[in-house]
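At position 46 of the sequence shown the residue is numbered 73 (this note's numbering), and the sequence of numbers has no breaks. Using N, Cα and C, we set each Cβ at its ideal position, and we do this for glycine too. Predicted model only: the values in this text are computed from it and were never measured.
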Amino acid sequence: MTSPSPPQDVFLSGLVNDDFVQLPDYKAAGVSEVDFDGLLKTPLRLHEDLKEGCGGQLWPAGMVLSKHLLRQKQVSGSILELGAGGGLVGLAVALAHDTKVHITDQLPMLDLMRKNIELNHLQDKVTASIYDWGSSKPDDIATPDVLLAADCI
Numbered sequence: 028m029t030s031p032s033p034p035q036d037v038f039l040s041g042l043v044n045d046d047f048v049q050l051p052d053y054k055a056a057g058v059s060e061v062d063f064d065g066l067l068k069t070p071l072r073l074h075e076d077l078k079e080g081c082g083g084q085l086w087p088a089g090m091v092l093s094k095h096l097l098r099q100k101q102v103s104g105s106i107l108e109l110g111a112g113g114g115l116v117g118l119a120v121a122l123a124h125d126t127k128v129h130i131t132d133q134l135p136m137l138d139l140m141r142k143n144i145e146l147n148h149l150q151d152k153v154t155a156s157i158y159d160w161g162s163s164k165p166d167d168i169a170t171p172d173v174l175l176a177a178d179c180i
């Protein structure tokens with residue numbers, strides 16, 4: 028005996044995929060502004076977009092780490108952020124402190140990181156590049172004084 032086929036409109040509705048797994052509701056792409064409860068004089072502007080992966084949105088651990096670093100009177104030395112996604116933590120540090128920051132993630136996040144650097148006019152302080160942890164460290168990434176990572180999976 029064979030099972031009846033599901034109604035065709037189930038697949039067309041966008042509510043489930045071919046494996047009958049309910050699809051999540053994704054946040055629409057757009058620009059968010061965060062000042063971390065007043066810790067930044069000028070709010071950080073971040074374009075969020077999940078089309079290239081989960082790194083394209085703000086996550087709670089990144090917000091917590093950013094607030095912690097913004098409360099520090101001084102953050103100095105070279106800073107490298109791993110798994111930056113859109114660059115939340117590294118960009119917040121660059122806005123608040125006089126230091127150079129290198130934000131990294133995999134190739135799908137590169138355009139988003141660059142877009143957010145430009146949105147905040149941080150081209151002189153922040154560099155974005157690809158760093159896939161399964162590979163050797165690229166030559167263009169110097170050994171940092173401070174290593175940051177939040178919400179890395």
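H124 (DSSP reduced to helix, strand or coil): coil
Report the rounded CA-to-CA distance for P171 versus R141, giving the unit in angstroms. 20 Å
Among M90, P70, D76, G80, whose alpha-carbon lies nearest the alpha-carbon of I180? G80
Would you check if the stretch 84-104 and the stretch 112-125 touch, i.e. whether three or more CB-CB distances between them fall below 8 Å? yes
Buried versus exposed call for H129 [16 or more other C-beta atoms within 10 Å across all chains shown]: buried
8 Å Cβ shell around E145 - same chain, five flanking residues per side excluded: none
Extract the residue ranges of the beta strand (DSSP E) inside the stretch 65-101, only unbroken runs of 3 or more that lie entirely within it. 71-75
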